[in-house]
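A quick write-up on the structure given underneath.
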Amino acid sequence: MIGNNQLESIRNTQFALKIFYKRPDIKCIFPKKITDLNVSGLLCVTDMKRPPSFNYLRIVANESAHASFFNYIQPKLHLQKVWNAIYSTPIIYVTNHWAVPQYKSKYGVPELWNLKKGAYEFGWNVYCFNGKTIDMKLTKKLQTNRLKNSDFLNELANWSYWNQGKNYKKNIKVVKTDSKLGIINAVRIENPMKKLVGIQQHVSVKSNTVYRLSGTVRSTATNKNDIIFGGRIGFYLPGQKEKQIVWMSEYNHWWKKELIFTNQVTDTATVYIHMGYGGVASTGEFTNISLERLGN
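Residue numbers (the numbering used here): 111 to 406.
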């Protein structure tokens, strides 16, 4: 999948397969929507460290294709990841943002004093597609969120304090957030103590069943990928390895993550959200916490 505005990249890929790699037998399609995928094959999707990260304006990131895949295409296809290659390149950079110039100058003089050391991470994930789409009527029925009050519209109803949250209840509160993002309430966890402070909810799950754990999180502090944030959502059920989603770096914009896994035990699991992962002090906001059943 290549970004909609990257016509040159599409042409280069087509020509390279024929001329340089001598593989005219490989037919490439560049899907923009799910209906473009009507045959089985391999689907290549970008993988990039964002957010928080940065990308020079001159480097093609295929951002639109990346978003289209994860938001609209992946949930409707039977896919199996078969290969990936992610590379990290040490670089000197100026601004920790996405789509930025390679350098800055003031009065015509390069701002060398503002240069920072970092790494640019980019690569590809390859999925095998069997040509079949998922029954969305059945999927929609299954994808009911198993968690209650996941958007905190009813304050902390259905949630209880987790770990050191029991000792620092005043540091956990529900706040109003940016309504333009479609997010109304979030739980804010203030953790200057560097403790494991959080809340939890118990939920019944079935064995040999696929679930999707997800949440949307942001830091209230800053936007720096070299500062540890330490926000986490966990799924704990004895008899199997704990599942987790970790937000390691400070990023002060809403950042959604998800994890798809197969549950192995029929019982009551604990889903918890907390700050303090890695023993760091920070403040984070969590909302739209979800545990969806995707199928067997």
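We treat Cβ as the ideally placed atom computed from N, Cα and C, and that holds for glycine. All figures in this text were calculated on a predicted structure; none of them were measured in a lab.
Sequence-distant residues of its chain with Cβ nearer than 7 Å to residue i (five each side left out)
i: K304; result: G386, G389, V390, A391
i: P151; result: It is worth fixing the name first, because residue 151 is Gly in this sequence and not Pro. Only F239 meet the Cβ criterion.
i: A195; result: G233, W234
i: F262; result: V284, N295, A296, V297, T397
i: V356; result: R342, Y387
i: S314; result: T378
i: L257; result: Q311, V313, V381, I399, S400, L401
i: S270; result: I309, Q310
Rounded separation between residue i and residue j - CA only
i: L187; j: S178; result: 13 Å
i: N268; j: A331; result: 28 Å
i: D146; j: Y131; result: 25 Å
i: T287; j: N295; result: 6 Å
i: T409; j: L266; result: No answer is possible for residue 409: the residues shown for the chain start at 111 and end at 406.
i: K279; j: N301; result: 11 Å
i: K351; j: T319; result: 15 Å
i: W223; j: Y217; result: 14 Å
i: I129; j: I139; result: 17 Å
i: V219; j: S359; result: 31 Å
i: Q374; j: G344; result: 16 Å
i: P162; j: F339; result: Reliability of the predicted coordinates at P162 is poor, the pLDDT of 43 falling under 50, and the value obtained from them is presented with this limitation in mind. Straight-line Cα distance between these residues: approximately 11 Å.
i: L117; j: N172; result: 11 Å
i: V149; j: W193; result: 20 Å
i: S120; j: K227; result: Here residue 120 turns out to be Ile, not Ser, going by the sequence shown. Roughly 32 Å between the two C-alpha positions.
i: K142; j: Q184; result: 12 Å
i: N122; j: Y346; result: 47 Å
Burial state of residue i, where buried means 16 or more other Cβ atoms lie within 10 Å
i: Q190; result: exposed
i: Q311; result: buried
i: F125; result: exposed
i: K353; result: buried
i: G394; result: buried
i: Y321; result: buried
i: N264; result: exposed
i: Y182; result: exposed
i: R328; result: buried
i: S260; result: buried
Own chain residues within Cβ distance below 6 Å of residue i, not counting five before or after
i: Y230; result: T199, I201
i: I136; result: L127
i: K366; result: T326
i: A175; result: M111, I112, G113
i: V155; result: M111, F179, N235
i: L153; result: Y237, F239
i: K316; result: T376
i: T372; result: V320
CB of residue i within 8 Å of CB of residue j, strictly
i: L369; j: L404; result: no
i: G349; j: I309; result: no
i: N273; j: L306; result: yes
i: I299; j: H363; result: no
Inspect the CB distances between the stretch 369-380 and the stretch 233-241 and report whether three or more fall short of 8 Å.
no
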